Amino acid sequence: PMTPLDLLCAGSLVAITLTQAVLVACFDRICRTGKAKPIPPDRHLAPARIVLCLRGSDPFLGDTIRAAALQDHPDYELRIVVDSAQDPAWDEAHRAIASVRPTGRVRIEALAERPVTSSLKCAGLLQGLRGVEHEAAIVAFLDADVVPATDWLRTLAAALADDGCGAATGNRWYSPPDWSPGSWTRAGWNAGALVQMVCFGIPWGGTLGLRTELLAAAGLRDKWASSFCEDTLLPAALRGTGKGVRFVPALIAVNREQVTLPALLPWIARQLFTARLYHPSWALVAGFGLSAPLAVVVTGVAIARALHRGDASVAAALLACLALFLLSLPTLFAWIGSIVSRAVSDRVSPSRPPLVPLLWGVFSAQLVYAVALVWALTMRSVRWRGAGYEVDGPWQIRLVDDPGHAAAPQPARLHSI
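So, in structure tokens, the structure goes:
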């Protein structure tokens with residue numbers, strides 16, 4: 006007969022497997038019902054501003070900047086805020102803009118003031134938003150690792166045209182170009198993170214549109230002036246405005262960048278750290294993330310104990326539950342990938358994942374996720390793009406190590422149609 010430990014292990018593995026399947030089914034339903042609304046004709050599109058904050062040179066940065074400058078929106082401005090004029094992104098941004106004929110107004114400027122109580126990203130966004138209430142009805146945030154489609158801004162504008170939508174967001178899907186262990190571990194982790202973010206209503210700042218009126222109505226400028234990130238805090242901030250955050254499946258960005266395992270772990274820990282700081286469902290996210298690796302380890306112990314006492318039938322039953330969980334991981338990844346492919350098929354086609362790196366990615370992600378969660382739970386300081394921060398609470402952020410602090414700001418440069 007099964008001991009209480011055996012029953013706990015079997016029940017936990019089955020419950021975790023079923024919960025993951027239910028979450029992916031929920032993600033599937035959201036993607037099916039959340040298709041992008043028809044884009045209004047030009048005369049109905051409100052003026053817009055895109056804010057792109059840069060620090061360092063990303064692998065596809067030139068493509069990102071050129072794509073942002075070639076949107077088919079009839080009335081928009083692209084504000085690029087670079088960490089400093091000595092940053093590699095400064096020259097790269099100017100080269101990228103000089104290589105195209107922008108369809109909107111473009112302004113490139115260096116970050117004028119180093120923040121004291123927020124992240125450099127939030128300081129850059131606040132600078133990029135100066136005077137926006139007098140010039141644009143919507144603002145759009147873009148990350149340097151996103152190459153937006155030509156109708157990216159119009160798609161955000163169409164979502165924001167709905168009365169109940171205060172912010173519209175996409176997300177990312179990693180489709181590695183090679184068999185790199187780090188890249189596929191990130192892909193495996195991100196598949197689960199994508200589902201959780203969508204199901205738990207966590208927006209992503211890499212593709213984010215916002216009604217300009219909400220900057221004041223939700224007190225967002227004050228919040229960003231003392232926060233670490235710009236996106237995770239939005240649902241709580243918008244709650245009093247009567248507007249919500251809407252996920253737009255068509256705005257999932259397919260990312261083909263590479264990453265090493267040593268660089269991946271702190272990156273995942275930082276993603277989880279922002280959820281710990283600002284998202285009300287953090288306890289649920291953390292508990293669910295730790296439950297799977299813990300259940301696997303304890304089940305392994307239970308199988309060994311069953312074999313030791315000569316109970317082969319119990320060991321076989323536990324092994325079957327463990328196999329069910331492990332086989333569900335690549336199956337769920339493939340299911341999520343098919344949902345993403347359907348959502349973005351008219352923009353880009355994610356490559357079909359090869360079996361060996363896929364299996365590595367989904368299994369190694371379980372261990373990396375657990376380690377990153379424990380790290381995020383204990384984290385009091387964090388590095389982000391080379392800058393170091395001390396964090397005493399959600400609104401107690403101190404920039405303590407800023408390699409770019411000595412760089413003098415340069416005058417902004419304007420580019421017009």
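With this note's numbering applied, the sequence shown corresponds to residues 6 to 422, in that order.
Ideal placement from N, C-alpha and C gives every residue a C-beta, glycine not left out.
Quick caveat, the model's predicted, so the values are computed rather than measured.
Under 8 Å between C-beta atoms of F146 and G210 | For the purposes of this step, residue 146 is taken as residue 141 along the sequence shown, with counting starting at 1. For the purposes of this step, residue 210 is taken as residue 205 along the sequence shown, with counting starting at 1. Taking C-beta atoms as the reference points, F146 and G210 count as a pair closer than 8 Å.
Contact set for C204: own chain, Cβ-Cβ below 8 Å, skip 5 residues either direction | Counted from its first residue, the sequence shown places residue 204 at position 199. Excluding sequence neighbours, C204 sits near L28, C31, F32, I35.
With DSSP run on the structure shown, which of helix, strand or coil describes L238?
-> Residue mapping note: residue 238 aligns to position 233 of the sequence shown, counting from 1. Secondary structure of L238 (DSSP, three-state): coil.
What is the DSSP secondary structure of T22, counted as helix, strand or coil?
-> Looking up residue 22 in the sequence shown gives position 17. Assigned with DSSP and collapsed to three states, T22 falls in helix.
List the residues that DSSP assigns as beta-bridge partners of G398.
-> Taking the first residue of the sequence shown as position 1, residue 398 is located at position 393. DSSP lists Q401 as partners of G398.
Distance between V253 and W178 (C-alpha atoms, nearest Å) = As a working note, residue 178 is residue 173 in the sequence shown. As a working note, residue 253 is residue 248 in the sequence shown. Computed Cα separation, rounded: 14 Å.
N- and C-terminal bounds of the beta strand (DSSP E) containing V212 = Within the sequence shown, numbered from 1, the residue matching residue 212 stands at position 207. Per the sequence presented here, residue 212 reads as Thr, with Val not at that position. Its beta strand (DSSP E) spans residues 212 to 216.
Which residues does DSSP pair with D406 in a beta bridge?
-> Indexing the sequence shown from 1 puts residue 406 at position 401. In the DSSP output, where bridge partners are listed per residue, D406 has G393.
Continuous beta strand (DSSP E) assignments of at least 3 residues falling wholly in the stretch 239 to 277 = Within the stretch 239 to 277, the complete beta strand (DSSP E) segments at least 3 residues long are 249 to 260, listed from N- to C-terminus.
What residue from R251, V379, A339, W287 has the CA that sits closest to T38's CA?
-> Working through the sequence shown from its first residue, we reach residue 38 at position 33. When only C-alpha atoms are compared, the closest one is R251.
Presumed contact (8 Å Cβ cut-off) between I273 and A377, rounded CB distance = Here residue 273 refers to the residue found at position 268 of the sequence shown. Here residue 377 refers to the residue found at position 372 of the sequence shown. So it is a contact: roughly 4 Å between Cβ atoms.
Helix, strand or coil at R60 [DSSP, three-state] | Against the sequence shown, residue 60 aligns to sequence position 55. In this structure, R60 counts as coil in the three-state DSSP scheme.
Quick one: Cα of L299 to Cα of R135, how far?
-> For the purposes of this step, residue 299 is taken as the residue at position 294 of the sequence shown. For the purposes of this step, residue 135 is taken as the residue at position 130 of the sequence shown. Between the alpha carbons of L299 and R135 lies a gap of roughly 48 Å.
Output yes or no for whether 8 Å exceeds the beta carbon distance between K248 and L219.
-> As a working mapping, residue 248 is identified with position 243 in the sequence shown. As a working mapping, residue 219 is identified with position 214 in the sequence shown. Yes, these two residues count as a Cβ contact at 8 Å.
Between the Cα of L327 and the Cα atoms of L364, A15, K40, P285, which residue gives the shortest distance?
-> Against the sequence shown, residue 327 aligns to sequence position 322. Nearest C-alpha to L327: A15.
Do T57 and L83 have their CB atoms nearer than 8 Å?
-> Taking the first residue of the sequence shown as 1, we reach residue 57 at position 52. Taking the first residue of the sequence shown as 1, we reach residue 83 at position 78. Per the sequence presented here, residue 57 reads as Leu, with Thr not at that position. Yes, they are a contact pair.
Pick from V19, A98, L131, W380 that is closest to F226, judged by C-alpha positions = Numbered from 1 along the sequence shown, position 221 holds the residue referred to as residue 226. Here residue 226 is Arg; the residue named in the question, Phe, does not match the sequence. Its Cα nearest to that of R226, the residue L131 stands out among V19, A98, L131, W380.
Are the CB atoms of D183 and Q263 nearer to each other than 8 Å?
-> As a position in the sequence shown, residue 183 is number 178, starting the count at 1. As a position in the sequence shown, residue 263 is number 258, starting the count at 1. Their beta carbons are under 8 Å apart, which means D183 touches Q263 by this criterion.
Can you give, in chain order, each stretch of the alpha helix (DSSP H) that sits fully within the stretch 119 to 170 and has at least 4 residues?
-> Runs of the alpha helix (DSSP H) spanning 4 or more residues and lying entirely within the stretch 119 to 170 occur at 125 to 133, 157 to 165, in chain order.
Measuring CB to CB, does A51 end up less than 8 Å from I143?
-> As a working mapping, residue 51 is identified with position 46 in the sequence shown. As a working mapping, residue 143 is identified with position 138 in the sequence shown. I143 is positioned such that its CB atom lies closer than 8 Å to that of A51.
DSSP state of G109, grouped into three classes?
-> Counting from 1 along the sequence shown, the entry for residue 109 is found at position 104. G109 falls in the coil class under three-state DSSP.
Buried or exposed (CB count within 10 angstroms, at least 16 for buried), L332 = One-based indexing of the sequence shown puts residue 332 at position 327. Here L332 is exposed: its Cβ has fewer than 16 other Cβ atoms, across all protein chains shown, within 10 Å.
Member of L199, L360, V373, P359 whose CA lies at the smallest distance from the CA of L270 | Translated into positions along the sequence shown, residue 270 becomes position 265. Minimum Cα distance to L270 is reached at V373.
Cα-Cα separation, R119 to S89 = By one-based count along the sequence shown, residue 119 stands at place 114. By one-based count along the sequence shown, residue 89 stands at place 84. If I take the Cα positions, the gap works out to 10 Å.
According to DSSP, what are the bridge partners of L174?
-> Here the question's residue 174 lines up with position 169 in the sequence shown. Residue identity differs from the one stated: residue 174 is Thr in this sequence, not Leu. In DSSP, T174 forms a bridge with L213, F252.
K40 classed as buried or exposed, judged by whether at least 16 other C-beta atoms fall within 10 angstroms = To locate residue 40, count along the sequence shown from 1; it is residue 35. K40 sits exposed, since fewer than 16 C-beta atoms from the chains shown fall within 10 Å of its C-beta.
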